[in-house]
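2 protein chains.
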Amino acid sequence: MNAPGQIIKQGRKWDQVLEGARTVFMRDGFEGASVDDIVREAGVSKATLYSYFPDKRLLFVEVAKAECKAQSDEAIKEVEGSDDIRVALSQAAGRMIRFFMSDVGIQVYRIVVGESQRFPEIGREFYDCGPAMVRSILVEFLKRAVADGKLKIDDIDLAADQFPELCKAGLHVQMVLGLRDKASDEEIDRVIAGAVDMFLCKYGVAD
Amino acid sequence: MNAPGQIIKQGRKWDQVLEGARTVFMRDGFEGASVDDIVREAGVSKATLYSYFPDKRLLFVEVAKAECKAQSDEAIKEVEGSDDIRVALSQAAGRMIRFFMSDVGIQVYRIVVGESQRFPEIGREFYDCGPAMVRSILVEFLKRAVADGKLKIDDIDLAADQFPELCKAGLHVQMVLGLRDKASDEEIDRVIAGAVDMFLCKYGVAD
DNA sequence: TAATATATAAACTGACCAGTTCAGTTTTTT
DNA sequence: AAAAAACTGAACTGGTCAGTTTATATATTA
Numbered sequence: 687m688n689a690p691g692q693i694i695k696q697g698r699k700w701d702q703v704l705e706g707a708r709t710v711f712m713r714d715g716f717e718g719a720s721v722d723d724i725v726r727e728a729g730v731s732k733a734t735l736y737s738y739f740p741d742k743r744l745l746f747v748e749v750a751k752a753e754c755k756a757q758s759d760e761a762i763k764e765v766e767g768s769d770d771i772r773v774a775l776s777q778a779a780g781r782m783i784r785f786f787m788s789d790v791g792i793q794v795y796r797i798v799v800g801e802s803q804r805f806p807e808i809g810r811e812f813y814d815c816g817p818a819m820v821r822s823i824l825v826e827f828l829k830r831a832v833a834d835g836k837l838k839i840d841d842i843d844l845a846a847d848q849f850p851e852l853c854k855a856g857l858h859v860q861m862v863l864g865l866r867d868k869a870s871d872e873e874i875d876r877v878i879a880g881a882v883d884m885f886l887c888k889y890g891v892a893d
Numbered sequence: 687m688n689a690p691g692q693i694i695k696q697g698r699k700w701d702q703v704l705e706g707a708r709t710v711f712m713r714d715g716f717e718g719a720s721v722d723d724i725v726r727e728a729g730v731s732k733a734t735l736y737s738y739f740p741d742k743r744l745l746f747v748e749v750a751k752a753e754c755k756a757q758s759d760e761a762i763k764e765v766e767g768s769d770d771i772r773v774a775l776s777q778a779a780g781r782m783i784r785f786f787m788s789d790v791g792i793q794v795y796r797i798v799v800g801e802s803q804r805f806p807e808i809g810r811e812f813y814d815c816g817p818a819m820v821r822s823i824l825v826e827f828l829k830r831a832v833a834d835g836k837l838k839i840d841d842i843d844l845a846a847d848q849f850p851e852l853c854k855a856g857l858h859v860q861m862v863l864g865l866r867d868k869a870s871d872e873e874i875d876r877v878i879a880g881a882v883d884m885f886l887c888k889y890g891v892a893d
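Note that the protein sequences, when read in sequence, are chains Z and L. Numbered per our numbering, the first sequence spans residues 687 to 893. Numbered per our numbering, the second sequence spans residues 687 to 893.
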């Protein structure tokens with residue numbers, strides 16, 4: 687009755703379908719997931735699924751976008767936290783690592799990379815609401831730090847590409863390839879410290 | 687007739703099969719490639735293919751291993767070239783970038799990442815003759831440089847993880863996601879210079 | 001030359017799966 | 001309560017594909 691200003695739902699089971707699709711895609715990948723599995727998981731009929739989504743591929747795109755957005759929102763929560771640039775960078779590094787080392791993050795990355803040749807728009811969607819998102823936040827952060835005299839960077843775009851890569855430090859590729867399923871806190875702290883040390887060595891101002 | 691358990695190891699058409707498989711896998715990915723396409727491309731009968739390889743998956747593993755090895759051999763050709771550590775590092779960076787930015791390198795990475803969940807041994811094989819290979823070469827190089835007093839590194843393992851990541855600098859992910867198909871020489875040079883600068887800033891000895 | 005190993009084409013099996021259709025049921029709206 | 005919208009379940013279509021089998025052909029070698 688009272689749903690004023692609410693976005694008109696296309697149907698009652700939209701979320702249900704998306705959630706089921708999420709579960710199955712994350713578990714089985716894109717090719718590995720059958721639409722029949724998805725409708726079973728979602729507790730929905732096949733006809734219903736196809737009344738919402740024209741095909742399996744676009745259903746996955748929707749899932750991936752939702753997943754990216756959820757993670758971005760989580761990561762953005764607060765970019766700033768400390769006046770000490772070293773502390774701030776360490777916090778940012780920690781957020782980024784959790785961003786792309788999480789189970790869902792790894793899994794979405796795997797699927798998107800695997801399918802991005804046959805379905806290029808998947809790669810674009812993922813990039814725009816994943817890496818590009820992080821990157822633009824980082825650029826803003828670095829600009830402010832430079833303006834505040836806390837960092838000295840001539841090529842901010844390059845620096846914004848370098849820092850996330852430093853935060854991977856071999857761990858990401860191992861997880862993506864399935865060689866390990868988690869990184870210990872010690873390892874992550876070591877990688878963060880190494881990344882921040884190196885970044886500040888190059889771009890820090892003399893204290 | 688055919689003794690069970692006997693594995694056919696050699697035959698005239700082994701290379702022919704592998705070459706055809708390489709072409710089709712690189713063009714269409716793993717799922718996208720059909721065995722019929724491969725035998726057509728290789729100019730070989732299906733029965734012949736299956737007399738050499740027990741299934742499609744292991745055929746792909748063999749292709750990926752051969753591809754990795756070819757690229758590694760290419761990259762290893764000469765690790766050293768200059769006494770100047772900056773020049774030597776720049777050359778190493780250039781080799782690495784060409785290693786994982788090449789068409790074949792990107793394509794193998796895509797396929798391996800996409801399939802590594804369902805077929806974990808593919809991830810392992812790729813890692814061992816790709817990233818791990820590069821890494822061990824780099825570790826040796828860095829150890830020697832430290833021994834020669836040209837670098838000062840406390841955690842060589844970490845440094846050997848950081849340098850290749852610095853060489854990616856956002857380009858790799860864009861290529862893997864299909865957002866661009868090549869990087870200009872200027873971009874590559876800029877990335878190399880940035881990586882070497884940063885690396886030497888942290889690990890270089892005062893001149 | 002005869003035996004053996006290797007290769008071939010083509011048909012076949014068995015399974016899987018995306019997407020459609022439709023008659024009938026449930027939920028929401030008027 | 002009636003109409004409209006959303007949903008169901010199950011069968012069905014049309015297609016793909018990995019892997020096997022068979023009957024036949026060619027090359028090597030003893």
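C-beta: ideal position from N, C-alpha, C; glycine also.
### Host alpha helix (DSSP H) of Arg726/Z (start-end)
Val721 to Ala728
### Query
Can you list the residues of chain Z that Lys836/L reaches, using a CB-CB cut of under 9 Å?
Neighbours of Lys836/L on chain Z: none; closest Cβ ~17 Å, over 9 Å.
### Task
Kindly list the residues whose CB is nearer than 6 Å to the CB of Ala728/L, restricted to its own chain and excluding five residues on each side of it in sequence; keep chain order.
Gln702, Val703 and Gly706
### Task
Would you tell me roughly how many angstroms separate the C-alpha atoms of Asp722/Z and Tyr813/Z, rounded to the nearest one?
29 Å
### Buried versus exposed, by CB contacts within 10 Å (16 or more), Val725/Z
buried
### Query
Who are the near neighbours of Lys732/L in its chain, counting only those whose CB is closer than 8 Å to its CB and skipping five residues on each side?
Val721, Asp722 and Val725
#### Entry: Cβ contact (3+ pairs, closer than 8 Å) linking the region 745–762 of chain Z and the region 834–849 of chain L
no
### Query
Does the distance from the CB of Val832/Z to the CB of Gly800/L come in under 8 Å?
no
### Message
Quick check: is the beta carbon of Ala855/L nearer than 8 Å to any beta carbon in chain Z?
### Response
yes
### Message
How far does the alpha helix (DSSP H) with Pro914/Z in it extend, from its first residue to its last?
### Response
Lying before the first or after the last residue shown, residue 914/Z is absent from chain Z, which here runs from 687 to 893.
### Message
Tell me the DSSP secondary structure of Leu837/L in three-state form.
### Response
strand
### Query
Straight-line CA distance for Ile792/Z to Ile878/Z?
19 Å
### Message
For a cutoff of 8 Å on Cβ pairs, would you count Pro740/L as touching chain Z?
### Response
no
### Message
Rounded to the nearest angstrom, what separates Lys742/L and Gly715/L at their Cα positions?
### Response
12 Å
### Query
Can you find a C-beta in chain L that's less than 8 Å from the C-beta of Arg743/Z?
no
### Message
In the DSSP output, which residue or residues are listed as bridge partners for Gly890/Z?
### Response
Leu837/Z
### the region 841–849 of chain Z touching the region 874–893 of chain Z, judged by at least three CB pairs closer than 8 Å
yes
### Message
Please report the straight-line C-alpha distance between Met698/L and Met712/L, rounded to a whole angstrom.
### Response
It should be noted that the sequence gives Arg, not Met, for residue 698/L. Distance between the alpha carbons of Arg698/L and Met712/L: 23 Å.
#### Entry: Interface partners of Asp847/L on chain Z, CB under 7 Å
Ala855 and Gly856
### Task
Pick helix, strand or coil for Pro806/Z, following the three-state DSSP scheme.
helix
### Message
Would Gln757/L pass as an interface residue toward chain Z - the criterion being a Cβ-Cβ separation below 8 Å?
### Response
no
### Query
Rounded to a whole number of angstroms, what is the C-alpha to C-alpha distance between Gly674/L and Asp789/Z?
In the structure as shown, chain L starts at 687 and stops at 893, and residue 674/L therefore has no counterpart that could be examined.
### Query
What's the C-alpha gap between Met687/L and Ser737/L?
Caution applies to Met687/L, whose pLDDT of 32 falls short of 50 and renders its modelled position unreliable; the value that the coordinates give is listed next. Cα to Cα, Met687/L sits roughly 14 Å from Ser737/L.
### Message
Can you confirm whether Phe812/L, when its beta carbon is compared against all beta carbons of chain Z, has any partner nearer than 8 Å?
### Response
yes
### Task
For Cys887/Z, return the contacting residues in chain L, with the cut-off set at a CB-CB distance below 7 Å.
Cys887 and Lys888
### Straight-line Cα distance separating Trp700/Z from Ala689/Z
Any reading at Ala689/Z must be qualified, since the residue scores a pLDDT of 33, below 50, and its modelled position is unreliable; the value itself is stated next. Cα to Cα, Ala689/Z sits roughly 17 Å from Trp700/Z.
### Query
In whole angstroms, what is the alpha-carbon distance linking Ser802/L and Glu760/Z?
27 Å
### Task
Determine the burial state of Pro817/L: buried for a count of at least 16 other Cβ atoms within 10 Å of its Cβ, exposed for fewer.
buried
### Task
Using a Cβ-Cβ cut-off of 8 Å, state whether Lys695/L counts as contacting chain Z.
Caution is warranted here: a pLDDT of 43 is assigned to Lys695/L, below 50, making its placement in the model unreliable, and the coordinate value is therefore given only provisionally. Judged by the 8 Å Cβ criterion, Lys695/L is not in contact with chain Z.
### Task
Within its chain, find whatever has a CB closer than 8 Å to the CB of Ile693/L; leave out the 5 residues flanking it on each side and keep chain order.
Only weak support is given to the placement of Ile693/L: the predicted model assigns it a pLDDT of 31, under 50, and the question is left unresolved by the model.
### Task
Please check the pair Ala855/L and Gly880/L, which I expect to be a contact at CB under 8 Å, by giving their CB distance rounded to whole angstroms.
7 Å
### Query
Are the beta-carbon atoms belonging to Met782/Z and Ala869/Z less than 8 Å from one another?
no
### Task
Determine the burial state of Glu826/Z: buried for a count of at least 16 other Cβ atoms within 10 Å of its Cβ, exposed for fewer.
exposed
### Three-state secondary structure assigned by DSSP to Lys732/L
helix
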